[in-house]
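Data first, discussion second: the structure below is written as structure tokens.
Numbering (this note's numbering), first residue to last: 40 to 200.
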């Protein structure tokens with residue numbers, strides 16, 4: 040909310056060149072800046088597009104575990120919602136707009152399920168029931184498992200083909 044901590048971490052890890060990472064400080068609830076008043080994020084997007092006119096894609100991340108989080112259609116063409124197996128197997132069945140309406144639901148850290156007493160079959164069944172025909176997938180992003188499916192979805196549905 041009040042820091043650029045995530046941007047600094049991404050720069051430190053060299054996830055991208057530092058000049059391509061923007062930490063947006065909302066001064067309040069970050070969910071408001073992705074939903075009701077996206078203007079601060081839209082300004083950051085405009086600045087990135089000005090500095091790098093040939094960008095194909097911009098990722099906007101809103102941290103936290105708010106199942107009611109949704110992105111304004113003014114801000115995002117495609118929404119991916121990431122949950123962790125470590126949050127508990129009940130998360131998909133709790134529903135909420137992030138679970139039911141995101142374009143793709145990523146259930147990450149699937150490798151940790153046995154250590155946190157989570158049944159992946161239950162999560163899969165609940166996710167399928169809550170999402171209907173909307174896609175979802177299990178990942179272990181620390182090892183790259185499921186990453187190809189996520190990338191393929193972004194390329195196909197994000198207009199990158």
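The beta-carbon is built from N, C-alpha and C at its ideal position, and this holds for glycine as well.
C-alpha gap between residue i and residue j, whole angstroms
i	j	result
residue 78	residue 153	42 Å
residue 178	residue 90	33 Å
residue 163	residue 117	22 Å
residue 49	residue 99	13 Å
residue 190	residue 87	22 Å
residue 158	residue 44	33 Å
residue 41	residue 115	Annotation note: pLDDT 49 at residue 41 (below 50); position unreliable, coordinate value reported separately. About 22 Å.
residue 135	residue 187	26 Å
Beta-bridge partners of residue i, as assigned by DSSP
i	result
residue 119	143
Within 9 Å, strictly: CB atoms of residue i and residue j
i	j	result
residue 101	residue 119	no
residue 46	residue 66	no
residue 176	residue 185	yes
residue 84	residue 97	yes
residue 199	residue 148	no
Nearest neighbour of residue i, chosen from the options [CA to CA]
i	options	result
residue 194	143, 180, 122	143
residue 126	113, 146, 114	146
residue 196	173, 130, 184, 183	173
residue 64	51, 81, 53	81
residue 166	57, 115, 124	124
residue 137	57, 58, 170	170
residue 133	155, 94, 161	161
residue 151	168, 139, 128, 135	128
residue 121	56, 131, 113	131
Which runs of the beta strand (DSSP E) spanning at least 3 residues fall entirely within the segment 147-186, listed in chain order? Look at the segment 147-186 and you find these whole runs of beta strand (DSSP E), each 3 residues long or longer: 175-177.
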